[in-house]
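Residue numbers (my numbering), protein chains in the order written: chain X, 182 to 549; chain W, 3 to 317; chain E, 51 to 335. Virtual Cβ for every residue (Gly too), placed ideally from N, Cα, C. Structure first, then comments.
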């Protein structure tokens, strides 16, 4: 015992971490999300190609397989892929690609490939994964224009994931501000805000989103559309958070330690910043974490329906737009791969949020 | 009145684990409950008194864990058995909980379901343990409510817990606990949350019931005055250990253990005194508790370090 | 107002509106939690307020400190700069007076902010009222800690590292650090174990002597009030039914409700059986 700190001496933050660590799934989800956000930040480096670069030799090409053994059985330490041979089925007119064992495309890591502009800051050529000039690598296959799906997913991650994050920040600001105001002022203001929230929540979201996005002018730049989509999504999503914040505010206002602060003569500002906000910060963080997947899904839905982000912007929703017809699922199922990423990220956020929620309550469950 | 033992606990230890350490909530205790008597466990918060009672009904939940010991239950007209050996979900355990043994809690509002009527909840308790028609169960429940002093019981059967006052809810809990005629009733601080006038009524009810029903009661409380009013045997617990056992008069009028003496002295009495004799925490924690020896004389047991044991006691 | 009295409460009432929930809530009546209460507190004395749950005792003391807005009546407080009616002041005007009147709460787990360290909790009144002397705060906090019987190494620990009694000491330190004249103890020892309760009561008695404090001591435990207070009010359904020196109340109660309360106290002696009066045979008003 002597070399351990006393359990009771742990700060709330440390205690939260200890509790969180017990949630293996939440911990793994957190790790996965950090990994995928890193990829999104450095997407130019991780993607072997520009998202709009076309490989004319591979239209609707299936994913290539990694190999370590050549066709004759020779082992090779550096992995490689085989090029495609294309045959068009004379009966069905379907493109059929088979591996061409005579075309070996070795894979190089951290070496030079296509030129890119990193965050529009500087030009670089180094990629995490690439092939020699003239050869190609399509881990997840290509689409109808011969664009590399893997590269597009990596670039799409930047748009989709950042949209979720920025959207939630905006939702938080709106929710905390309006909900806090309702809970703090109470009375008529509270009543009015409550009714407004009820009205907003009773409108079916999808049609409303569609109507609002349809109102975004077509000639706006991709960046403008991106931000207007964020604003539209946050405009609906803040209501849930505002309710939570209002409820917490009302409950906390009656807590003894808040009344104690009032009786000490603390100003309203001090009570809010020193006593109220820290007390539900963990709650807000958890709610926000659980709200991010909603944002990502909403963007995906809008873009899928064609009223969200539009090409040439690449987001996971835009990518899934190509998977709209039945033919795709039968003939080119790899176009659905972006959907797998959406699912993984949404699950990871939900698991992380669950773990945070359980960990955030430092006084639940250690008393007898 | 027979004085055979209805329940005896041997070498019971229960530990609770948190993120970085493990604590013994109950530390190797032995106790006997006499048949048809009221045994009170008295102790302050953290003494392990409630945990002991929960263990008797196998209600210890993780992070709590029973690390050793046995609880031998000898119901009338049945063979005795070790409660801790019963499997979760075994029929014997369900028979025990609410059947042979039942419990009333400190806060009746949380122990009663807010979405079912009082009548439904009592009838459910009956129908779980007895195969009788619904109408019979209804009559039985109404009679039991009448028995614990709830008037118009047939109408009140259709009401929800929130329509009852705190004292009335505790009466409902008592009715529910007694309706299956258990042999042991565990009362976990049943009057602590009540006002003093209501407490007096509930204590009077419990005493009156005790006088007419043959039942053994385990009464858990921190209030020595309540102990004085209700108990036959008293067990003093502190920090997971039993410090002293004896009859209610022995403990209250002639306590041996310094902790018991301190506990009694700390109660503000009816006569005004300038200062209360407070027990210092260090003395209870370190001087008496670490490696106590058990000294016995007659039916009294006391756990003390060697030099403090009175001469007439045997180790 | 005579200067011997620190506080004079006259006809204080607190009424809560009964609202009907609807699209826009509207008032349908009112509930009188405190009904025309008058009493005075002498400087340096201890006034007990006893009553069962729902008797309005907590609402009364919170209304005195304006944590709840009183509906009518006056609360004359003999402050350092003369007498003022607390009910007539705005919250801004009240601020400087808050240094002279403080409250100790019932629940030592709820009344301390779990996210603040003990040093910050006890220093908070100093930070609010004397921010310019921040260099001396630490010294003052350490002195106060010693005074309430806590170790100096408690400073950097969080409230949940302490037992109930220790937390209550922290609450006392916070209430007393500004050297108030009036301290309201709202069930300050009710949540504590009996041995700890005795320690805290002794501490409160010592501090009263050292710092010349005046206490209003709210409790439901009559024995504690009898032990600790000189005078007492008995409250029932928002109104004072009896008041006077505690010995008089305990030995010759006048009101039926007081008699009922006293008859319900269990004795420590197993041979004195509890014999509560029958509620229905009494005139409780």
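message: Counting only C-beta atoms, is residue 151 of chain W closer than 8 Å to chain E at any point?
response: no
query: Whole-angstrom Cβ separation of residue 187 of chain W and residue 179 of chain W, contact assumed at under 8 Å?
result: Indeed, because the Cβ distance is near 6 Å, the residues count as touching under 8 Å.
field: Contact belief for residue 263 of chain E with residue 198 of chain E at Cβ below 8 Å, rounded distance in angstroms
entry: Rounded, the Cβ-Cβ distance is 13 Å, inconsistent with contact.
DSSP bridge partner residues for residue 148 of chain E (one or two, in chain order): Answer is none; residue 148 of chain E lacks a bridge partner.
- request: Mind the definition here: the stretch 25–35 of chain W touches the stretch 241–248 of chain W only if three or more C-beta pairs lie below 8 Å; say whether that holds.
  value: yes
task: Measuring alpha carbon to alpha carbon, tell me which of E:205, E:291, E:125, E:300 ends up nearest residue 192 of chain E.
output: E:205
query: For the candidate residues X:258, X:237, X:251, whose alpha-carbon lies nearest to that of residue 266 of chain X?
result: Looking at the Cα atoms, X:237 is the closest of the given residues.
- request: Go ahead and pull the three-state DSSP assignment for residue 259 of chain E.
  value: helix
- prompt: According to the neighbour-count rule (16 or more other Cβ atoms, all chains shown, within 10 Å of its Cβ), is residue 170 of chain X buried or exposed?
  reply: No answer is possible for residue 170 of chain X: it lies beyond the span of chain X, which begins at 182 and ends at 549.
query: Roughly how far, in whole angstroms, is the beta-carbon of residue 101 of chain E from the beta-carbon of residue 286 of chain E, given that I think they are within contact range, below 8 Å?
result: 6 Å
message: The alpha helix (DSSP H) that contains residue 275 of chain E, what's its start and end?
response: 272–278
task: Measuring only between beta-carbons, confirm whether residue 285 of chain W sits less than 8 Å from chain E.
output: Confidence is the limiting factor: at residue 285 of chain W the pLDDT is only 43, short of 50, which leaves the residue's position unreliable and the question unanswerable from this model.
- prompt: How would you call residue 141 of chain E, buried or exposed, if buried means at least 16 neighbouring beta carbons within 10 angstroms?
  reply: exposed
- request: Can you tell me the Cβ-Cβ gap for residue 442 of chain X and residue 452 of chain X, rounded? I've got them flagged as a contact below 8 Å.
  value: 5 Å
Inter-residue spacing [alpha-carbon to alpha-carbon] between residue 150 of chain W and residue 306 of chain E: 26 Å
field: Contacts of residue 162 of chain E in chain X (Cβ-Cβ under 7 Å)
entry: 438
- prompt: Going straight from the alpha carbon of residue 287 of chain W to that of residue 237 of chain W, what length do you get?
  reply: Caution applies to residue 287 of chain W, whose pLDDT of 47 falls short of 50 and renders its modelled position unreliable; the value that the coordinates give is listed next. Rounded to whole angstroms, residue 287 of chain W and residue 237 of chain W show a C-alpha spacing of 18 Å.
- request: Return the bridge partner residues of residue 297 of chain X from the DSSP annotation.
  value: Residue pairing by DSSP places residue 297 of chain X opposite X:305 in a beta bridge.
message: 8 Å is my cut-off, CB to CB: does residue 261 of chain E come that close to chain X?
response: no
- prompt: Smallest Cα separation from residue 217 of chain E: which of E:189, E:90, E:139, E:154?
  reply: E:154
Rounded separation between residue 264 of chain X and residue 521 of chain X - CA only: If you draw a straight line from the Cα of residue 264 of chain X to the Cα of residue 521 of chain X, it comes to about 26 Å.
message: Short of 7 Å in beta carbon distance, which residues of its chain neighbour residue 218 of chain X, apart from the five on each side in sequence? Order them along the chain.
response: 342
query: Between the stretch 237–258 of chain W and chain E, which residues of the former have a C-beta closer than 7 Å to a C-beta of the latter?
result: 250, 251, 254
field: chain E contact residues for residue 383 of chain X, given Cβ-Cβ distances below 8 Å
entry: Counting only Cβ-Cβ distances below 8 Å, residue 383 of chain X has no contacts in chain E at all, with the closest Cβ about 14 Å away.
- prompt: Under the three-state reduction of DSSP, which class applies to residue 165 of chain E: helix, strand or coil?
  reply: coil
message: Please return the same chain residues whose Cβ sits closer than 6 Å to the Cβ of residue 313 of chain E, not counting the five positions on each side in sequence.
response: 326, 327
task: Compute the distance between the beta-carbons of residue 246 of chain E and residue 214 of chain E, then report whether it is under 8 Å.
output: Cβ distance < 8 Å, so residue 246 of chain E and residue 214 of chain E count as in contact.
task: Going by CA-CA distance only, name the one from E:157, E:194, E:148, E:334 that's closest to residue 170 of chain E.
output: E:194
query: Enumerated in chain order, which unbroken segments of the beta strand (DSSP E) with a length of 3 residues or greater are wholly contained in the stretch 76–133 of chain E?
result: 76–92, 96–100, 122–129
message: Please report whether the beta-carbon of residue 23 of chain W lies at a distance below 8 Å from any beta-carbon of chain E.
response: no
- request: Sort X:314, X:536, X:446 by Cα distance to residue 464 of chain X and report the nearest one.
  value: X:536
- request: Name, please, each residue of chain W whose Cβ falls closer than 8 Å to the Cβ of residue 324 of chain E.
  value: 202, 205, 206, 231
query: Helix, strand or coil: how does DSSP classify residue 228 of chain W here?
result: helix
message: Could you check whether residue 468 of chain X and residue 422 of chain X sit closer than 8 Å to each other, using their CB atoms as the reference points?
response: For the 8 Å CB-CB criterion, residue 422 of chain X and residue 468 of chain X form a contact.
query: Fully enclosed by the stretch 193–242 of chain W, which beta strand (DSSP E) runs are 3 residues long or longer?
result: 218–223, 235–240
message: Using the three-state DSSP reduction, which class does residue 230 of chain E fall into: helix, strand or coil?
response: Reduced to three states, the DSSP call for residue 230 of chain E is coil.
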